[in-house]
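Report on the structure given below.
Protein chains: 2
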Amino acid sequence: MASLQDIGVAAGINSLSALVFLLAYSILRLQPINDRIYFPKWYLKGIRANPVSSGTVRKVVNLDPRMYLRFWNWMPAALRMPEPELIDHAGLDSAVYIRIYLLGLKIFVPITALAFVVLVPVNWTNDTLAKLKDVTFNDIDKLSISNVPPRSSRFWVHIGMAYIFSFWTWYKLYKEYQIVATMRLQFLASESRRPDQYTVLVKNVPVDPDESVSEHVDHFFCVNHSDHYLTHQVVYNANRLATLVENKKSLHNWLTYYQNKYERNPSKKPAVKTGFWGLWGQRVDAIAYYTAEIDKLSEEEVAEREKVISDPKAVIPAAFVSFKSRWGAAVCAQTQQSRNPTTWLTEWAPEPRDVYWRNLAIPYVELSVRRLLMAVALFFLVFFFMLPIAIVQSFANIEGIEKVLPFLKPVIEANTIKSFIQGFLPGIALKIFLIILPTILMIMSKIEGYTSLSSLERMSASKYHKFILVNVFLGSIVTGTALQQLHQFLHQAPAEIPKTIGVSIPMKATFFISYVMVDGWSGIAAEILRLVPFVIFHLKNTFLVKTEKDREEAMDPGSLAFSITEPRLQLYFLLGLVYAPVSPILLPFIIVFFAFAYVVFRHQIINVYDQKYESGASFWPDVHRRILIGQVISQLLLLGLLSTKEAARTTPFLIALPLLTIWFHLFCKGRFESAFLKLPLQDAVIKDTLERATEPDLNLQVYLEDAYIHPVFKGGDYQRPVIDEESDPIIVATKRNSRMGSKNGSSQSSQKLFLR
Amino acid sequence: MASLQDIGVAAGINSLSALVFLLAYSILRLQPINDRIYFPKWYLKGIRANPVSSGTVRKVVNLDPRMYLRFWNWMPAALRMPEPELIDHAGLDSAVYIRIYLLGLKIFVPITALAFVVLVPVNWTNDTLAKLKDVTFNDIDKLSISNVPPRSSRFWVHIGMAYIFSFWTWYKLYKEYQIVATMRLQFLASESRRPDQYTVLVKNVPVDPDESVSEHVDHFFCVNHSDHYLTHQVVYNANRLATLVENKKSLHNWLTYYQNKYERNPSKKPAVKTGFWGLWGQRVDAIAYYTAEIDKLSEEEVAEREKVISDPKAVIPAAFVSFKSRWGAAVCAQTQQSRNPTTWLTEWAPEPRDVYWRNLAIPYVELSVRRLLMAVALFFLVFFFMLPIAIVQSFANIEGIEKVLPFLKPVIEANTIKSFIQGFLPGIALKIFLIILPTILMIMSKIEGYTSLSSLERMSASKYHKFILVNVFLGSIVTGTALQQLHQFLHQAPAEIPKTIGVSIPMKATFFISYVMVDGWSGIAAEILRLVPFVIFHLKNTFLVKTEKDREEAMDPGSLAFSITEPRLQLYFLLGLVYAPVSPILLPFIIVFFAFAYVVFRHQIINVYDQKYESGASFWPDVHRRILIGQVISQLLLLGLLSTKEAARTTPFLIALPLLTIWFHLFCKGRFESAFLKLPLQDAVIKDTLERATEPDLNLQVYLEDAYIHPVFKGGDYQRPVIDEESDPIIVATKRNSRMGSKNGSSQSSQKLFLR
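Sequence lines, in order, name chains A and R. The opening position of the first sequence corresponds to residue 1 in the numbering used here, with each subsequent residue numbered one higher. The opening position of the second sequence corresponds to residue 1 in the numbering used here, with each subsequent residue numbered one higher.
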């Protein structure tokens, strides 16, 4: 185990590496050529069109020495923007996301202060470890609960602290939930008019043999929401078309690449092989070849486009139904429409950018089978993921390779290569798996059939959180793979499990301290350097960019990647809560992480990230729940740890804590969660009334017309299929009927005709 | 352990006792004097006013010998009424309730047949038990899985059967859920107009310093449901008034008693003592005393009535809000009204008879604290209920009594009394506890704050189910109290628990067979005899009845007591599912129970019970869920049992079963449950349209006026406090505003004025 000094050295090294990253960043960001990598947000906002012009700034390299002297100034700059402006600039999702780091500070700074004032002296002034002859210990262990002798009445202090820490955490979590809920409602209330405010996504439209989907939807809502229904848009199955458009874009990139090449070196016409991946086949002129290919694809695309729009089978049984008022949409989204609760399912439409189009048409039975399969798959992924990796590793050793590819034998047997393979290959399978894991989880969420990008991210995050909990947290504490742990837990008494883990907790403090420094400190510093986008941008800039528009497209601002960063950051909450009453020495490292990450991510969302959608912080209930899961785990582990200390008199007082935590969760759920799921009618009425007063002549029909068309139709030559509704006898009859039914007078019906 | 012959004898004895009950019933029911005990339903329906008159029937005793010969004919008569008529006659709750017994038959008759054809030969043709020298066994054990040798490949048959039984159960459960859901929707659709169809219960109305609750509700719904809001009724806190009315009624009973006494024996004026319970105090004339007391109470009642109606503080922050259409009410019940999800809570109003008035005004925080406390209390009740009983028992022995009441010593020491106390007293504490247990659970549910009698019954049933599961089922299998079990389970590996219990399962078959016979067969036969109401009616009839109206009130038809009978009957499902693959010999006894109970309860709901409310079978999701809980338990126990048989090759195939059961539960929940929670808008529109077409001149306002007043005001001199709404400037302004806002023309506004 490491001593305090070792930890100091490790902290020094990690701080240094973080510092190097920061320095590199500070220098690179000042180069105008990198401006689009480190400040893409301003370009996308249209505020910046060129690198900042100052007297001495050149086009490529910045030589102004004064700017290098001020290279730290991005940090205060990142903190300067006030929150309302930040919400305006980067959206509520981002603004609330960085509040998670702030919440970490709010929770842990007072806890750390208290722990150092109270717990550290209580632990330090014992000599249990010094008395044990056969145990090596160090200063860090002397600061932890391990140093308190069994049956000591000092454990009352730890239990008291556990209660104080819990109450403080609940208080802060409650406050934060309240603030975020208010922010969300204010955000929704202050938003300008958006199509999704009037629109409901209707899924599982039942098949009607006599009517098209469009007619069926129209009739259903004319009857059941007669006073409020305005219009609807059917959804086309444009998956093949989207693939074609994608392919065409890639071909365009190649065409540009060869055109650039030719322009720069007109003496030699670029050529390309027509076979697989350009590796073999006939050699032809590249520019002519790609031009021809693009023409071919364009024709196909036009045909497919025609087919999708005209073929009634290309309409999937889902629709975006719009209403005359936000009230009407809110009502429809929150109520059950049909006797059969698996048809005519309504929910708030995600905003158009947020729709995940491929999942809109999954029937109920299929959906529940898919979710069952994915739940089983997740279980196996979490507990058995080591199995396939072990198999790959068993092949990826020297004997395995020599067996499969005997001709490589002389090369492999060379000493340097041999040691490289032996040292590196077994680990690489695991590394690759961990890198693609978020993608696997995202694919699983897509199979589960969620219909918006935001919910897909939330579900992936939830899966990733489980994986990290079992394989990183428990896996680091309890030796052995997750599979062995599972076996052990099944064959161990439930009351024994917290003991087994709890006992190991204090011993793992130094391990987690270095984890926090490596993964947390250096990881965040690497985040700001953006190495991957840096390389990709410069590659694209060199080979593909011709016009300013191309350069615009070469920019990759990235986004927050909630599904990856949030579960990782939950680990720090968990570590902080677990170690606060046990080994408070870990806490300062976590505080540094939260503070540093807060500044970096605030800078990134101001200058870099461009969110793909805006969900109005709908992820907060998940964040809140996961922190509470961490708290319950920490309380159970403390319970287990203390029960091994033979503190029989004191331990039972801890049993109430996890129960209270669960109750607090239910309390907050009832108190706040619906703000993230439903729009209160009161708010809808206020916005409707305001809008009617300020814009009495608004033509919503026109406004909503093309809001929810598949992105491949956007800006293209998409023609809405015209249905002459007023001549359709059924619709006219239904409308007349519903009009009479709702006892509305003639003036309203003319209103209706005008609106439609 | 009992042999097949012993079981036969026990079955004979129990059948005989059931037969005696039935015979007694058949004779008693023919006596005209008992007509109001055994056929109260017909009196309440107004179809019967006097005992059936036939030529030879006298007033008190029936002497017609022909009728005694036909004494069995109530059974076919009970089965003869077709289901639609039954629903009409007794309500959907009762009709669906007896379908639970029918479902038991549908599930278990084919399972029994299959088990006897396949499993019994497979078990019987082994000689494992015969080979074991030191074990006593009998024919019943030879029929069970215990007779199959370890590591036998015959276990494949048991596993296959477990799958077939499970699939069959799911199929029947799915069908039944579908049928009940359809019945419920048809019932709701075919119902005649009822106030609760238009009404929503609004709870947690926030306090407004400037307005009364009534005004606040009115303004809120005028604004937020401007086109649909009709009227509302505030709720008065009439708990004290209800107590006064109750007391007065009891005094009236005494007055009648003494008046009757005086009339029958005019020579002696009845006297009464004024002290506590009439035991001491001044001796006064009884009739004069009670008349004076009643007058005093009447005055108090009038004053309290006045106070409740005029005092604004007597209005609690809840209201029944009515809408112009079922559509409007359905929308309001299913949506969130306010930003703060703990205020303006809306739900479908229970029908007026179903409202539990005392719980309408509990704030959110208090409610969640109450639920936490009750959850903890239930845990202690289930696992620690033996503790207080043991304490009572330790006092209730001879030494304890002698210590507290030494003067009783000579009496107690007498031999017969001594043996009575020793044999009877320790058991009586437990008996009393078990009798009052449902009442305790109901009180706990009331503390939890549910607002309708139907939900109170459902919640009590859920608590009782847990109690039976732990203390009757597990308690009978695993020796020791529930507390010891809990301790054992906490200190045992999770994988060991099903093994421990599973192994004991086959050994307990004979115990459960006698349980089914005593509790099931004889219990049901006792139900039809109605001993307690029999005694009470005859007491009342002798002492209190003067007029026919009094006799009407002396009748106690009782009701189904869902909260008690349903959890008990769930035990039979559990036993059937657990023993089907293990000891099929239990199954015929359960089938007899279901068949017998079906006939008896069908007879009772036709002739006796009078339900206090009609919830439209809203309990079905609970019934469905509990049967599935039983199934999961049975599958886990089979898994545990087989894993002790060293059938390592076969056992893993059972792991999928509990997972599939849970998935089936989720699937059914999504598919059907909302039919029991929400009214689909489609159905609301159909009923609204129909009503408008058939009764265009309906004045709903008048119809709903007094629907939801507290029962103590019903039929009395209740005067609605008149609020001249049209002169209230705010309401008029709001209405005008909302009218303009919703762009309705002038003809509608006049309509509105007329309707209000």
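By construction, the Cβ of each residue, glycine as well, lies at the ideal position given by its N, Cα and C atoms. A quick note: this is a predicted structure, and the numbers were derived from the prediction, not measured.
Asked: According to DSSP, simplified to helix, strand and coil, what is residue 610 (chain R)?; Found: coil
Asked: Assuming contact is defined by CB atoms lying nearer than 9 Å, are residue 577 (chain R) and residue 513 (chain R) in contact in what I supplied?; Found: no
Asked: Taking the beta carbon of residue 380 (chain R) as the centre, do at least 16 other beta carbons fall within 10 Å, making it buried, or is it exposed?; Found: exposed
Asked: In chain A, which residues lie with their C-beta within 8 Å of the C-beta of residue 675 (chain R)?; Found: 339, 341
Asked: Reducing DSSP to helix, strand and coil, say where residue 353 (chain A) ends up.; Found: helix
Asked: According to the neighbour-count rule (16 or more other Cβ atoms, all chains shown, within 10 Å of its Cβ), is residue 56 (chain A) buried or exposed?; Found: Because residue 56 (chain A) sits at a pLDDT of 44, beneath the cut-off of 50, its placement in the model cannot be relied upon, and the point is left open.
Asked: Using a Cβ-Cβ cut-off of less than 7 Å, list which residues of the region 310 to 341 of chain A approach chain R; keep chain order.; Found: 330, 331, 334, 335, 336, 337, 338, 339, 341
Asked: Give a yes or no on whether the C-beta atoms belonging to residue 294 (chain A) and residue 244 (chain A) are separated by under 9 Å.; Found: no
Asked: Quick check on residue 628 (chain A) - is its C-beta less than 9 Å from some C-beta in chain R?; Found: no
Asked: So that I know if they touch, is there some Cβ in chain R lying closer than 9 Å to that of residue 261 (chain A)?; Found: no
Asked: Chain A beta carbons: is any one of them nearer than 9 Å to that of residue 624 (chain R)?; Found: no
Asked: Indicate the three-state DSSP secondary structure (helix, strand or coil) for residue 760 (chain R) in the structure shown.; Found: Any answer about residue 760 (chain R) is impossible in this case: the structure gives chain R only from 1 up to 756.
Asked: Can you give the Cα-Cα distance for residue 580 (chain A) and residue 603 (chain A), rounded to whole angstroms?; Found: 29 Å
Asked: How big is the Cα-Cα spacing for residue 78 (chain R) and residue 84 (chain R)?; Found: 14 Å
Asked: Report the option in A:562, A:304, A:634 whose CA atom is closest to the CA atom of residue 464 (chain A).; Found: A:562
Asked: Let me see if you follow: with CB-CB separation under 9 Å, is residue 16 (chain A) close to chain R or not?; Found: no
Asked: If you check the beta carbons only, do residue 594 (chain A) and residue 86 (chain A) fall under 9 Å apart?; Found: no
Asked: Which residues does DSSP pair with residue 236 (chain R) in a beta bridge?; Found: R:315
Asked: Nearest chain R C-beta to residue 735 (chain A) closer than 9 Å, yes or no?; Found: Below a pLDDT of 50, predicted positions are generally treated as unreliable, and residue 735 (chain A), at 47, falls in that range; the measurement from the model is reported next regardless. So, not an interface residue.
Asked: Quick one: Cα of residue 695 (chain A) to Cα of residue 323 (chain A), how far?; Found: 17 Å
Asked: Buried or exposed: residue 121 (chain R), going by 16 or more other Cβ atoms within 10 Å of its Cβ?; Found: exposed
Asked: Taking the C-alpha atoms as reference points, what is the distance between residue 435 (chain R) and residue 655 (chain A)?; Found: 32 Å
Asked: By a C-beta neighbour count over all protein chains shown, 10 Å radius and 16 as the cutoff for buried, is residue 609 (chain R) buried or exposed?; Found: buried
Asked: Work out the CA separation of residue 673 (chain A) and residue 621 (chain A) for me, nearest whole Å.; Found: 6 Å
Asked: What's the gap between the Cα of residue 300 (chain R) and the Cα of residue 248 (chain R)?; Found: 10 Å
Asked: Taking the alpha carbon of residue 706 (chain A) as the reference point, which residue from A:353, A:440, A:409 has its own alpha carbon closest?; Found: A:353
Asked: Any idea what DSSP makes of residue 347 (chain A), helix, strand or coil?; Found: strand
Asked: Run the CB neighbour count on residue 824 (chain A), radius 10 Å, all protein chains shown included, and call it buried at 16 or more, exposed below.; Found: A query on residue 824 (chain A) cannot be resolved here, the shown segment of chain A reaching from 1 to 756 and no further.
Asked: Around the C-beta of residue 510 (chain R), are 16 or more other C-beta atoms found within 10 angstroms, so that it is buried, or is it exposed?; Found: buried
Asked: In the DSSP assignment, find the alpha helix (DSSP H) that holds residue 542 (chain R) and state where it starts and stops.; Found: 531 to 543
Asked: If you follow the alpha helix (DSSP H) that residue 644 (chain R) is in, where does it begin and where does it stop?; Found: 620 to 644
Asked: Exposed or buried, which one is residue 476 (chain R) when buried takes at least 16 other CB atoms within 10 Å?; Found: exposed
Asked: Closest to residue 173 (chain A) by C-alpha separation, out of A:691, A:675, A:625, would be which residue?; Found: A:625
Asked: Residue 721 (chain R): buried (16+ other C-beta within 10 angstroms of its C-beta) or exposed?; Found: Here the model assigns residue 721 (chain R) a pLDDT of 46, short of 50, so the residue's position is not dependable and the matter cannot be decided.
Asked: Which residue comes first and which comes last in the beta strand (DSSP E) that contains residue 472 (chain A)?; Found: Neither: residue 472 (chain A) is in no beta strand (DSSP E) and is coded neither H nor E.
Asked: Taking the beta strand (DSSP E) that residue 285 (chain R) belongs to, which residues open and close that run?; Found: 283 to 285
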